[in-house]
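Presented below is the structure to which this report refers.
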Amino acid sequence: MFIWKEALWPRDHQGKIKITIGFLDQSNSLHSLRQSIQHIARHWEDAVSGLEFNHSTLSLDVDDDTEHEILRRTVLHEFGHMLGALHEQLSPAFPWDLHKSRIPKDELINWEGSRPPLSKTLWSPFDEKSIMLYPAYQVWLKRPGGPEPKGWERHTHLSHIDKEIMRLAYSGVHGLHGSSTQPWQQQQQQHVPTPAVLVAAPGSGNICGNPQCGRTFVCAADYNRRVQSLGYPGV
């Protein structure tokens, strides 16, 4: 798990991280999808003390016909980004150098992106089970013949390390043995407006792209603050 500390959500005066959510499309046809996304998203609440999702959160490249495992992967992965996680392959603990020219164009977006200064991040040892990791293949390696990246799938559940590092980021409690992360002092609790995240249904025209995954993710000013500091265009 690789986390950008400046992208962490602040706590309110009660120590809660409240993210108020609303779907732009409230049609009955998406009721089942909204319930599924809400249920999946709450897995992050187990990792982050005080986190509250009052409603469903993201409507991504999914619809009512999307297979449940794909939906689970998509929601948990994109929620990870929203909570401050970067792709595992951008972590300084990632053990391989890759030939970017050998990565198919439709997958390259998942392997590119600026990395914040390491002083503003915290990370675990490389986690091949992370929800934030994409598969890699032997042919992509700069020095073939070493240990082959294998057994990596697009994981559909949060790993133990995912939960522990996100918990560390938001609570300052170090619960991971053998981690290379540095303890981080929790932000001073302050009274802040509840962050508002509007969610667009696919095809609504009211969405902005998440540059890390090419998916859809609406987060207004907070979105711009995060992505522009990494060199991506805002909205």
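Position 74 of the sequence shown, counting from 1, maps to 73 under numbering that gives the first Met the number 0, and the rest follow consecutively. Each residue gets a CB set at the ideal place from its N, CA and C atoms; glycine is no exception.
Proximity of residue i and residue j at Cβ, strictly below 7 Å
| i | j | result |
| --- | --- | --- |
| Leu-7 | Ala-168 | yes |
| Gly-79 | Gly-49 | no |
| Pro-116 | Trp-3 | no |
| Glu-44 | Lys-119 | no |
Closest by C-alpha distance to residue i, when choosing among the options
| i | options | result |
| --- | --- | --- |
| Ile-160 | Asn-109, Leu-132, Asp-96 | Leu-132 |
| Arg-41 | Leu-157, Glu-163, Ser-170 | Leu-157 |
| Gln-88 | Thr-155, Ser-31, Pro-124, Glu-66 | Pro-124 |
| Val-47 | Pro-103, Met-81, Gln-34 | Met-81 |
| Leu-97 | Ser-90, Trp-139, His-38, Ser-118 | Trp-139 |
| Ser-129 | His-38, Gly-112, Ile-108, Ala-92 | Ala-92 |
| His-86 | Ile-16, Asn-27, Asp-126, Ser-31 | Asp-126 |
| Glu-66 | Ile-16, Lys-119, Leu-32, Glu-106 | Leu-32 |
| Thr-155 | Ser-170, Ile-39, His-12, Leu-107 | Ile-39 |
| Gln-137 | Pro-94, Trp-43, Met-165 | Pro-94 |
| Thr-73 | Arg-166, Ser-35, Pro-115 | Ser-35 |
| Gly-112 | Lys-99, Leu-29, Met-165, Ser-118 | Lys-99 |
| Met-165 | Glu-106, His-12, Ala-84, Arg-71 | Ala-84 |
Buried/exposed call for residue i, threshold 16 Cβ in 10 Å
| i | result |
| --- | --- |
| Phe-1 | buried |
| Lys-162 | buried |
| Arg-101 | exposed |
| Ile-69 | exposed |
| Arg-153 | exposed |
| Gln-187 | Its pLDDT being 32, under 50, Gln-187 is placed unreliably in this model, and the value from its coordinates should be taken loosely. It is exposed - the Cβ of Gln-187 has fewer than 16 other Cβ atoms within 10 Å. |
| His-76 | buried |
| Ser-90 | buried |
| Leu-121 | buried |
| Gly-230 | Unreliable positioning characterises Gly-230 in this predicted model, as indicated by a pLDDT of 47, which lies under 50. A coordinate reading is not provided. |
First through last residue of the alpha helix (DSSP H) which encompasses residue i
| i | result |
| --- | --- |
| Phe-78 | 67-82 |
| Leu-121 | Premise fails: Leu-121 lies in the beta strand (DSSP E), 120-122, not in any alpha helix (DSSP H). |
| Ile-160 | 159-170 |
| Ile-39 | 30-40 |
| Glu-106 | 104-107 |
First through last residue of the beta strand (DSSP E) which encompasses residue i
| i | result |
| --- | --- |
| Phe-1 | 1-3 |
Neighbour flag for residue i against chain E, beta carbons, 7 Å
| i | result |
| --- | --- |
| His-154 | Protein chains in the displayed structure number just one, and chain E is not present. |
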